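A quick write-up on the structure given underneath.
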Amino acid sequence: MAQYLTLEFIAMLTGFILIIIGLWGMITQKNLIKLVIGFSLFDTGLNIVIVSMAYVKNSTAPIIDKAVDVSQAASKIADPVPQALVLTSIVIGLGVTALMLAYVLRMYREKKSLDINSYTDLRW
Amino acid sequence: MIKKGLLLILLVGFVAVISGLLINFTGSNELNPLASYYAEKGPTEVGAANLVTAVVITYRGFDTLGEVTILFIAAAIVGFFLKTMNADTNRPLRLRKTSEILETASTLLVPTIFMLGAYIFVNGHLTPGGGFQGGAVIATGVMMIILARPASQFNHKLISVLESISGIGFVVMGVLGLVLASGFLNNAFLPLGKLGSLLSAGAIPIIYVFIGIKVGSELTSILDSLKENQNEI
Amino acid sequence: MVNPIHIVSIALGVAFALGFLGKREKLALGIVYTALAVMLAISASWLSHFWGNVTEPIQIFTGGFKPPFAINLQMGLAESVFTLLINTAGLLGAIYLANELLKAGKNMMIVFLVLVLGLNVMVMTRDLFNLFVFMEIQSIAIAGLVILNPDRKSIPAGFKYVIATGLISSLLLLGTVFIYYFGGTLNIDFISQESLLYVKGGSVAIFLVLLSIVLELKPFPANGWALDVYEGAHPGIGALISAASATAGVFVLDKLMVFGNFTFFNAISIIGAITFLGSNLLGIKQDNTRRLLGYSSVGQIGLIMTIIGLKPYLGENTKFIALAILLSHYLAKAGLFWLAGMVNADKLKDWGAIRGHRIYLFLMGTFIFTLVGFPPFPSFFGKWQLVMQLANNHHFWLLAIILIGSFFEGVYLFRWLGYAIKWDEVEQNYPKIKLNQFIPTVIFAVLAYALGFYFGELSGYKSTFIYMAAAFIAFLYIFDFLPVFVKNTLAIGAMALYYFANQDTFHGLTSIFFIIFVIGGIITLLAGYTFKGKRTGFYPLVMMMFAGLIGLLEAKTTLEFFFAWELMTAGSYFLIIRGKKSMEHALSYILFSVGGAYLILSGFGIAQIGHTGMGLDVLKDVHYYAPIAFTLMAIGFMTKLASIGLHIWLPGAHAEAEADVSPMVSAILLKAGILGLVMLFLSMGPQKLFGIDVLYVLSWVGVLTALMGNMMAAFQEDAKRLLAYSSIGVLGYALFGLTMMSHLGWLASLSIVVTHFMFKSLLFLAIGGVVMRTKTKYMYQMGGLIKQMPFSFVSVLIGIIVIAGLPPLTGFGGKWLMFNAIMENGWYFQAGIAFFAGVISFLYCFRLIHTIFLGQPKDELRNVKEAPFWMLVPQYIIITILLVLSALPNSMLKPIGQILLNYFPDGALVWHGQLAIGPYGYWNGKLILAIVTIIFLAVFAWLYIINRKAQKVKQFNIVYAAERPFRPETTHFAYNFYAPYQKALGFLVAPGITNFWDAVSDGAHAIADKIRSIYNGNGQTYLAHILGFTVIVYILMNGGF
Amino acid sequence: MEFGIKQILYLLLTLFIVLNYGLILQGIMPKIAARVGRRYGIRWYQPYLDLIKNHAKRSKITHGVMYYLGPVFRLTGGIGLLLFLPVIYGSPVFGNLSFAGDLTLVLFFQFFGVLGMALGAGESGHPHSAIGVSRGLSQVTALELPLTLGVISIAMQYHTLNISDIVAAQQGGVMNWTIVTNPFAGAALMLTFLGSMGRAPFDVVMAPQEIPIGPPTEYHSGFLGVLQLNRAIFPVAKLILFMNLLYGGATSWPELFIKTFFIYLWSVFVGVAFPRFRVDQSVRWFLGVPLLFGIIAILLI
Amino acid sequence: MSILLAIFLGLVILVLAITAIYHKNTKVAIIATGTVGLFASVLYLLLAAPDVALTEASIGSGLSTIIFFYVLNKIRQSND
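Chains as they are written, first to last, in this note's numbering: chain A, 1 to 124; chain B, 10001 to 10233; chain C, 20001 to 21041; chain D, 30001 to 30301; chain E, 40001 to 40080.
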C-alpha cells in the first residue's frame, strides 16, 4: 500500500478519476456544453496523468539554473519529455475544445436546442 | 435508467481496462536513458537552460510545428464556421455599453500584458514559459480590449499577416536548420552562446518569438471570430 | 532527390503564407494547387528512386539528432507509394473541389492543404507521439472540411465526428504516454515489444494505441460517427476521407503492428472481417447514396484490416493483396464519391437520371466493378490471392465471411448500378460536365484499368488473347458512334478471324465449346444487322462476353479461367440489363453469378492447397478436402446452368433481354456452366462428401431441374419466359448426362448441349422476331400468325420438333443416347423422371407454336409483317445445319465420341455408316429420316389426289355449336392453356424456391434493419459504442480484465 | 439388309392386312360395347362405309397449309409406327423396317403424328380443337412416367432395347411372357395402355358422345378420310407393340389377330365398366397406381 | 507534506469536476471546469513542472474558460 502513497501516484490517481468523470459526463450529459465540459475534464485528467508520469522522486523542474548544475542534472530533474508532450497536448486540447464549441454554437443556431437528442437526423 | 445502468457497466469495464495502466505505475526513481540523455547532452547540444524548451523546440520541434498547425487550422475553421454563420443573419448589430472603469483599466493594462507576454516567450529557453504561454497571455490582452471596447474593429489584415509571417518564420527556421545545420528545426545554425544567457540556445529564442506571435495571433483570431458573434444580439 | 521534409515545409509554408493574400481567393487556390503538385512530385520522385531498386529507406532526422533522441521521418518504397496516393488524391480532390474552395475562401484551402500534409506525415513519421499530433491534425482538418457547405446535415455530422475522434485520440494519447513510461522511448523502431508485453501495463498501453488506430479506421459497429460524416459531408470531402485518409490510416496500422503479438494480429483480422461483413450487410438496406458509399468504405477498410491482421499467415503476399485491394478501394471510392457529387442524387433511385449517358455510366460501372472485384481491376487479383492464401492457411471461416461480405457488397452496388442504368421513374437529367470535376474522375477510372493490368502482370496473369480482346473492346467503345452495320461487321469479322486463326489449336472437348462459342457467336451476331442506328454500347459488351467465353477455353491456369469467367459475367450482365424491363432480373442474374463465382473461387482455393502452380491441372490432384472443393465448384457452375434451386434468375434475365441477346445468353452463355462442369468432372472424377456420392445427388438435381424447368415452361404465358424455362430443363438433362460419367452419358449430354445451342438460338431468334413485330410477349395476345410470318413458323416448327426429341430430327439422337446411357448406368428412377420431363416438353412446344402461329388471328395483329430478314438469316442457317445433322447424325456424334474415347474408352457407340449401335439398342438416323420422308410424301400425295381443290375459307368459317363466333379474342384458346394439368400437378411448381430466396433476401434485410438501429444518430451513443468496442475487444483478447 | 422392290411389296402387304384388321376391329368393338349395354350397335362394316363416304365427299374446305398437312403428319405417324415394329416374329417378310431403330424410336415416334395432328387442328382456328389437344397432351404426358418405368424394367430384364430380341426372349410358352415373368411392369404397361388408346374412361380428349370436341373437330371429307385410315392403323400398331413387349409377340398372323383382339378387348372392357375421368383426374390417376406398379417393377429387377 | 497537499488538491479537483458535470447552472459548471484547470496547474507545480503549470493556467484554464463563456453568452443572447 505504501508504494501507492506517493505524490506521483496520488496525482496520477486524480488524473485517472478525472478521466473517468469526464468520460461519464461525455456519455451521459445530454447538454452539449456539458458534453464539451466532459471532454475538457477528460483532457485535463489526461494531462495530469502525463505530468505525474514525468515526476521522478524528489526531483526539481528540468531547468538548468543555479539550483541545478549541468553535471548533476540527470539525477535531479524531472523527465522533460512528458512535460513537453503535455505542452503540446494542452494546446491541442484547446484547439479541439474551441472547435467543439464552435460546432455547439452553430448547431444551436440551426435548431435552438442544446439537447444532443435533437441532432439525430442522420442515422441508420 | 436502464440506459444509464448500461452506460455505468460500460464505464466500469473501461475502468477495468485502463486500471491495468494505473496499478503498474510505480513512479520512477531515476530518469530513463532517453531523459538522461536530454539532461546530460541537452545543455551542450541545444544550449537551452530550460530542458523542456530544448525538447519542445529542438528535439521534438516537429511536434511543435504540428501543434502550431493544429491551432492554426482550428482558428481557420472556427473563423470560417462563424463567418458563414454571420453571413446567415441579417439582424442589425446592437452594441452593449461597457463600464468606463473597464475601458480605462484596459488602456493601462493592455500594454503591460503584451509586454509580459513578450517577456515570457523571449525567455522561454531560460525560464518556465515560452511561445505558447506568452501567446496565450497576449491573447488575454486582446480579450481585455474586446471586453472594454466592443465596438473596436480588429485589423483582420494585420492579424492574418502576423499569423503568416510568424508561421512562415517558423518554417523558414526549420528549413534553415536543415540547410545550415544538421537537420530540420535544428537550432544550431546560430551560435549556441553561453548557457543561461538571453542570447543563447541558437535559434530557439527566435523560434519562440515566432511561436509566440503565431499562437497569440491565432488565439486572437479565434477570440475575434467569437467576438463578432458576441456583440451581435 | 528533394528532401521529403519539404513536403512539410512547402505545405506549411504555403498554408501560412495564404494569410498574405487577403481576398485574392483565385490566386490562393492556384498556389494551393502548386503546393499540392510539388508535394505530389516529391513523392513521385521518391517512388521512382526506390522503384525496382532494393534500397534501404532513407531517414530524415528532424531537430538534427538521431533517433530516438529526436523525431525522424522515414521515406522508403512503401512510404513513397502511400504519400503518392495521398498527394494524388489531394491534388485531384482539390481540383474537384475548386468551386467549393473558392466559395469557402482561403481558410478552407488552408485546412485542405494541412489535411493532406497531416496524412503525409502520418505515413512518414516514426515517432508515436508525433503520429498522435498529426492524426489530430487529420481529425481536426476533416472536422473542418465536413462543414465546407454548412447545413443541417453536415454540422451535426461534423460534431459527432469531432467528439468521437476526440475520444479516440485521447485513448491514443493515453496509450502513447504509457508506452513511453513502460518502454522508455516514443520511437517506433526502438520500442521493444517484448519488454512492453512483459508488464501488464505495457500490454494495456499497446492495446490502447493499436485499438485507437483501429477505431480511427471505423470498425463495425463503433463507426456511426464516420457514416454520418460520409453522408453529411460534401462528396468531394467524402472522397478524400475514404481514399486518402483511410489509406494513411491503413499504413499507420500496418506500421504499428510491429508492437502487436499474435493475439493482436488475430484480433485485427477478426475485427476487420466482422466490419467487412457487418457494414456490407447493413449496406443492403441503405438507399442514400453517400451513406451507402460510407458503408462500403468502412467495409473495404475492414477487409484491408483483415489482411493486415493475417500478415503472419500471408507473409510476403500481404503486400500484394493489401495493395491490390487498397488501391481498388482508393480509386473506386474516390471515383464514386466524385460521381455522386456530380450527379447529385441523394436517393439511389434518383440515379436513374443519368440512364443512357454513356460516359457517366462507363465511369460508374468501372468503379463499381472495381469495388466488387471484377477483372481486370486490381481488386480481382487481390481477392484471388487472398482467397488462395486463406485456403492455404485453412482459414475457412474467414474465407466464408469475406466472400459473404463481398456478396452483400455486390448486392447493393449492383442494385445501385441497375438504378442508374435503368430506373425510369425519374426524369432523365444529365448533369453538366464540369471539367474540374470530370477530369479527376476520369483519371481515376483510367488508373483503375492501368493498375489492373499491372497487378495482373504481378500475379502472373498473361493472356495475350484477353489483351487483344480488351483492345478490340476499347476500340469498339471509342468508335461507338459508327452505325450498327459497320460495328456488326467488325464484330463478326473479329470472331471469324479468331476462328480461322485458332481452329487447329483446340482439341478434345474444348473444341466442341470452341465451335459453340465462336460459330454460335457469329451466327447470332448476324441477327444484329436487323437493328438500325447506332445501338449504343451494345458491341463492346457483346465482345466482352464472347471474350470471356473464349477466355475460358484459352485458360491454362485457374486464375485465367476465373478471370475469363468474371469477364463473361460482367459482359452478359450489361447485355441483359439492356433489355426493357430487365433491371431487377439483371440484378438477380449478377447476384447469382457473383455468388456462384465465389463458390468457384473458394473451390479453386481449396483445390490448390499444397500446390505451387495455379495450372488447371491442380484439379486433378487435390490434396485436401477434395469433395468439398468439388461440391463448391459444382454448385458454382450449376448457378450458371440455372439448376433447380439456383434457377430463379434465369427466366427473367433471358426473357427480358433484347431479341438477339436472348439467344446469346440462353444458347451460348449457359454452356459456360457446362464447360466448367466438364472440366471439373474430368479433372476430379466422382467424389464422396460425407459418404454420399456427389455425382449421384447431382444426377437427381439434373433430372429434377429438367422436370421443373419443363413443367414451368408449360405454364408460362410469356413466350420468351417459356423458352427460358425450357433452357433450364434442357440443361438439366445435360447435367444429368454428365453426372453419369460414362461415354454414352457424356455423348448424350454433349450432343444435347450442341443441339440445344442450335434449337434455342433458333427459337429465341424466331420468337424474338415475332415479339419485335407484335410488340408483345404474351402468347395469348397473338394467334394465327402463320399467315403473316410463315418463315418464322417453319423455324419454330423445326425448333420444337428438335426440342421435343421427335424422330426423325436430330433431337431424337440425344434422347436415344440418354436412354442407352441410363440403362447402362442403372439410374432407372432418374430415367423415368427424365423421360416424364421429356414428354412434358411436348406441352410447351405445342403451346408455343399453337398459341402464336395457329388458332384465331387477332384484329390488331392482322397487318404484322414477317420478321426482319436478318433475323431470319441465322435461323435458316441453323435449320440447314439441323437438317444435315438429322440426316447424318454421325457427322456430329462420331467426332464427339472420338474425343470422348480419350476420357471414357469403354462403352463407345459402334458406327456402321449412319447406324449407331449402343449397348442396348440401335438407331439409324439417315434411314429413319428417309423412311419418314417417303411415307410423308406418299401420304401427302394420296391426300392431294383425293383433295385437289380444297376451298380456302375465311377465319370464322368453322363448325361451332349453333352460332358462329365473331371475336377472335374469345375464340382463340390460348390463355391458361394447360388448366387441367395445372390443376393436377401445379403443386409441383409452387414457387417454393422463389419463396425460399425471397425469404433469404427478406431475412437479410430484416437483420440489417435490426442491426442498423444501433446507429440511432445520437453522438453520445456513438461514444458509448467506442467505449463498448474497446471493452469488448479487450475482454475477448485477454479472456478477462 | 437388302432393300428392293420386294421389301416394299411386303410393307404394303403388312399395311393392307393391318388396315383391314383395324377397320374390322373398329366395327366390332363398339358392337360388343353396345351389346354389353343391351343396345343394338353399329354394323361391323360401318367403318368401311364411313371411309368410302368421306373420301367421296365433294365439299372440301381448308384453313391453311398446316391444316392440310395435319392429317398427313398423323397418318405418317401411324404408318411409320407400324413399319418400325417387327410385326410377325421371325418372319423376314413382316419384320418390316425394325432394323432402323429400337424401342426408343418407337416410343418417341408415337408422338410424331400426335404433334402434327395437333398443329393441323390448331390452324383450323376452332377452340375445341385446341382444348382437345391441350387435354390430350396433358393426359399423354402423365401416362408416360409409368410407361417409361415399365419399359425400362422390361428392357433391363432382357438387357436390350431391340424389340425383336425382347420377343425372342419370350418364346417358348406362356410362362415366358413378360406379363408373367415381370407382372408389375406388365401391369404398369397395361394400365397406361388404357390411356394411350383414348377410350373411356380416358376419352374426354375426344368426348365423342357429346358436342364434338377434340383435334378432328374441324376435319371433314378427304381429310377425315385420311384420319380414319390412321384410326384404323395406329391402334393396331400400338396393340402390336404391347403384344411384342408383354405377350410374346406373334409368330403368325392368326396368333397376332387373337392376341391383339384380346388386348383391345381389355380396353373396351374397362371403358364399359368405368365412367369417364376429367383430365386432371386421369393425370392424377396415372401418377398413382400405375406409377406404383412401375416403381415396384424397377425395384424388382 | 506535499503528499497531503496533493491529496487535498486531488479531492478538490474531483469535487469540482463532479460539480462541473452535474451542476444545473452551466455558468457554474464552466467556472468549475476552469477551476479544475487552475488546481491542476498547482498540482503541476508540485510535480516539478512549472512550464506545464504556466501553460495550463493560461491556456487550459484561462483561455478555454473564456471561450466557453463566449459561446454560452452567445447562446443566451440568441435565446432572447
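For every residue, glycine included, the Cβ atom is placed at its ideal position computed from N, Cα and C.
Please read these numbers as outputs of a predicted model, since none were measured by experiment.
A/Gly95: contacting residues in chain E (beta-carbon distance under 9 Å): For A/Gly95, there are no neighbours in chain E by C-beta distance under 9 Å, as the nearest C-beta there is about 10 Å away.
Anything in the region 40025-40056 of chain E with a Cβ closer than 8 Å to a Cβ of chain A? List those residues in chain order, please. Residues Thr40026, Ala40029, Ile40030, Thr40033, Val40036, Gly40037, Ala40040, Leu40043, Tyr40044, Leu40046, Leu40047, Ala40048, Ala40049, Pro40050, Asp40051, Val40052, Thr40055, Glu40056.
Best match in B/Lys10157, B/Leu10223, B/Val10215 for proximity to B/Gly10066 [C-alpha to C-alpha]: For the residues B/Lys10157, B/Leu10223, B/Val10215, the minimum Cα distance to B/Gly10066 belongs to B/Val10215.
With C-beta atoms as the reference, is C/Ile20168 less than 8 Å away from C/Ser20212? yes
Using a 10 Å radius around the Cβ and a threshold of 16 neighbouring Cβ atoms, would you call C/Asn20317 buried or exposed? By the 10 Å Cβ count, C/Asn20317 comes out buried.
Spatial distance of C/Tyr20573 from C/Met20364 (CA atoms): 15 Å
Tell me which same chain residues have a C-beta within less than 6 Å of the C-beta of C/Gln20300, skipping the five on either side of it? His20329
Cβ shell of C/Glu20231 (< 8 Å), same chain only, five flanking positions each side left out: Lys20153, Ala20157, Asn20288, Arg20290, Arg20291, Gly20294
For the putative contact between D/Phe30317 and C/Phe20812, defined by C-beta atoms under 8 Å, what is the C-beta separation to the nearest angstrom? Within the shown structure, residues of chain D are numbered from 30001 to 30301, placing residue 30317 of chain D beyond reach of any answer.
How close, in whole Å, do the beta carbons of C/Ser20139 and C/Asn20087 come, if the pair is a contact with beta carbons under 8 Å? 20 Å between Cβ atoms; not a contact.
Between C/Glu20409 and C/Gly20605, is the Cβ-Cβ spacing less than 8 Å? no
Cβ of B/Asn10090 less than 8 Å from any chain C Cβ? Any answer about B/Asn10090 is weak, because its pLDDT of 47 lies below 50 and its placement is not dependable; what the coordinates show is given next. Closer than 8 Å: no.
Could you list which residues in chain E have their beta carbon closer than 7 Å to that of B/Leu10162, in chain order? By Cβ distance, chain E contributes nothing, its closest Cβ being about 18 Å from B/Leu10162, past 7 Å.
By DSSP, does C/Phe20069 sit in helix, in strand, or in coil? coil
Alpha carbon to alpha carbon, how far is B/Leu10192 from B/Ala10048? Give it in angstroms, no decimals. 8 Å
Nearest to C/Ile20307 by alpha carbon, out of C/Val20298, C/Ser20297, C/Ser20296, C/Ile20321? In terms of CA proximity to C/Ile20307, C/Ile20321 leads the group C/Val20298, C/Ser20297, C/Ser20296, C/Ile20321.
Just mark B/Thr10104 as buried or exposed, buried being the case when its beta carbon has 16 or more other beta carbons within 10 Å. Residue burial is scored here from C-beta neighbours: B/Thr10104 has fewer than 16 other C-beta atoms within 10 angstroms and is therefore classed as exposed.
Three-state secondary structure (DSSP) at C/Met20741? Coil, per DSSP.
Do you know whose CA, among A/Ile50, A/Leu32, A/Phe42, A/Asn58, lies nearest C/Tyr20181's CA? A/Ile50
Can you pull the chain C neighbours of B/Arg10060, defined as C-beta to C-beta under 9 Å? Simply Thr20062, Gly20063, Ala20070, Ile20071, Asp20127, Phe20129, Asn20130, Leu20186.
Use the C-beta contact count for C/Lys20777: other C-beta atoms within 10 angstroms, 16 or more gives buried, fewer gives exposed. Classification of C/Lys20777: buried, given that the 10 Å Cβ count is 16 or more.
Anything in chain B within Cβ reach of C/Phe20020, meaning under 7 Å, just list it in chain order. By Cβ distance, chain B contributes Val10161, Ser10164.
Does B/Tyr10037 have its Cβ less than 8 Å from a Cβ in chain C? With 8 Å as the cut-off, B/Tyr10037 counts as an interface residue toward chain C.
Own chain, CB closer than 8 Å to C/Gly20685, minus 5 neighbours either side, in chain order: Met20741
Is there at least one Cβ from chain B nearer than 8 Å to A/Ala67's Cβ? For A/Ala67, the nearest beta carbon of chain B is not closer than 8 Å to its own beta carbon.
Exposed or buried, C/Trp20051, counting other C-beta atoms within 10 Å across all chains shown (16 or more means buried)? Around the CB of C/Trp20051, fewer than 16 other CB atoms lie within 10 Å, so the residue is classed as exposed.
Residue span of the alpha helix (DSSP H) that contains C/Ile20179, given as start and end: 20154-20183
Use the C-beta contact count for C/Gly20925: other C-beta atoms within 10 angstroms, 16 or more gives buried, fewer gives exposed. buried
May I ask you to list the residues that DSSP assigns as paired with C/Ile20917? According to DSSP, C/Ile20917 bridges with C/Val20910, C/Tyr20922.
Output yes or no for whether 8 Å exceeds the beta carbon distance between A/Met125 and C/Val20177. Residue 125 of chain A cannot be examined here, being either before or after the span of chain A that is shown, 1 to 124.
Give the secondary structure of C/Leu20806 by DSSP, where H, G and I count as helix, E and B as strand, and everything else as coil. coil
Candidates D/Trp30253, D/Met30197, D/Leu30019, of which the one nearest D/Leu30143 by Cα: Relative to the Cα of D/Leu30143, the nearest Cα in the group D/Trp30253, D/Met30197, D/Leu30019 belongs to D/Met30197.
Please go through the same chain and pick out, in chain order, the residues whose beta-carbon is closer than 8 Å to the beta-carbon of D/Gly30195, but skip the five residues on each side of it. Gln30139, Val30140, Ala30142, Leu30143, Phe30202, Ser30282, Phe30286
Unbroken alpha helix (DSSP H) run spanning D/Phe30293, endpoints: 30289-30300
Can you tell which of B/Leu10226, B/Val10179, B/Gly10167, B/Ala10181 has its C-alpha closest to the C-alpha of B/Ile10207? B/Gly10167
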